[in-house]
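In terms of numbering that gives the first Met the number 0, the sequence shown opens at residue 0 and continues consecutively.
All C-beta atoms in this analysis are idealised placements derived from N, C-alpha and C, irrespective of residue type, glycine included.
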Amino acid sequence: MNRNQFFKITALGAVGVSMLPSLSFTTLQSFTKEQLTGRGNPDLIGDSYRSTMHRQTKEAFQKMRSAAATENIELEVVSAYRSFDRQKQIFEGKYKRFTNQGLSPMEAIDKIVEYSTIPGTSRHHWGTDLDLIDGNAPRSENVLQAEHFHGNGPFCKMKAWMDEHANEFGFYEVYTDNGNRKGFAYEPWHFSFAPVSIPMLKEYKKLNVKEILMEESVLGAEHFTDTFIEKYRNENILDINPELLS
Ligand SMILES: [Zn+2]
Numbered sequence: 000m001n002r003n004q005f006f007k008i009t010a011l012g013a014v015g016v017s018m019l020p021s022l023s024f025t026t027l028q029s030f031t032k033e034q035l036t037g038r039g040n041p042d043l044i045g046d047s048y049r050s051t052m053h054r055q056t057k058e059a060f061q062k063m064r065s066a067a068a069t070e071n072i073e074l075e076v077v078s079a080y081r082s083f084d085r086q087k088q089i090f091e092g093k094y095k096r097f098t099n100q101g102l103s104p105m106e107a108i109d110k111i112v113e114y115s116t117i118p119g120t121s122r123h124h125w126g127t128d129l130d131l132i133d134g135n136a137p138r139s140e141n142v143l144q145a146e147h148f149h150g151n152g153p154f155c156k157m158k159a160w161m162d163e164h165a166n167e168f169g170f171y172e173v174y175t176d177n178g179n180r181k182g183f184a185y186e187p188w189h190f191s192f193a194p195v196s197i198p199m200l201k202e203y204k205k206l207n208v209k210e211i212l213m214e215e216s217v218l219g220a221e222h223f224t225d226t227f228i229e230k231y232r233n234e235n236i237l238d239i240n241p242e243l244l245s
């Protein structure tokens, strides 16, 4: 080996090593279209809609739950992973109901997306997003309401704890209380595990939502206009907590 070759090799070696710490595991992952749309994900573990999560999300959640427990807060999952088929069932049930009530297909779709997602577009498909309440607090029938997390609401203590500590475990509120934000309303219960969901969203943005709805024969899919899909993408999918965008 001549001096020049030696220099090249050690320089490369040095670059390789110095880059390693800054390469987070997230950049090393890739995701299939199926994983991104709730149609099969080998990284999921759990056996119910409350316990099934992406494996790294689950590990981080368990750590966060233990930490919260020391403050007498029981982080209870109301909803974790949701499959494409389950979301399709919810969507089509509402679509049938609203169109039977006399709404046009487009009116029905507009009404559904006030509170529900279009199948294939839910962050719950990823196994990285969790709806959480405090299992130690008294509860009413409809637990996922913003007022329960503010004022004298039962989940205020949990909300304050999450505001202070969730980020330490990689979890971020998705649909924040920001009056300028469009898309889904404020959801103080919905948290996302950023180290996995950020790269998933990056990949997700490359998918064609309308194509997925057509290939899965979702009821009403033919009524989704390009303008509607574009607006839904910009507002409901991308107008979220900016910390979850990059
Ligand atoms: Zn949610």
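Around the beta carbon of M63, a 10 Å sphere encloses 16 or more other beta carbons of the protein chains shown; the residue is thus reported as buried. DSSP places S65 within a helical segment (H, G or I) once states are collapsed to three.
Shown here, L200 sits in a helix according to DSSP, grouped into three states.
A distance below 6 Å between beta-carbons, with the five flanking residues on each side excluded, links K110 to the following residues of its chain, in chain order: F97. For I132, the uninterrupted beta strand (DSSP E) segment begins and ends at 128-133. With a minimum length of 4 residues, the unbroken runs of alpha helix (DSSP H) contained wholly in the region 71-115 fall at 83-99, 104-114.
Spanning the alpha carbons of N179 and I236 requires a straight line of approximately 15 Å. When secondary structure is reduced to three states using DSSP, E242 falls in the helix class. In the three-state scheme derived from DSSP, where H, G and I count as helix and E and B as strand, F183 is classed as coil. Residue list for ligand 1: D130, H189 (CB closer than 5 Å to any heavy atom, chain order). Only exposed fits G92, as fewer than 16 other CB atoms lie within 10 angstroms of its CB.
Boundaries of the beta strand (DSSP E) around H189: 189-192. The way I'd put it, the region 115-126 does touch the region 34-53; three or more beta-carbon pairs between them come closer than 8 Å. Inclusion of H147 and F154 in the CB contact set at 9 Å is warranted, their separation being smaller than that value. In the DSSP assignment, F168 falls outside any beta strand (DSSP E), carrying neither H nor E. Following the DSSP letters along the chain, one finds L35 inside the alpha helix (DSSP H) bounded by residues 32-35.
The alpha carbon of G169 has as its nearest neighbour, out of A59, D42, P41, I44, the alpha carbon of A59. For the 9 Å CB-CB criterion, Y171 and A136 do not form a contact.
Out of K230, L243, T120, Q144, the CA that lies nearest to the CA of L131 is found in Q144. At a Cβ-Cβ threshold of 9 Å, I44 and Q86 do not count as neighbours. Less than 9 Å divides the Cβ of L200 from the Cβ of L244. Contact between Y48 and Y80 holds: CB atoms are separated by about 7 Å, below the 8 Å threshold.
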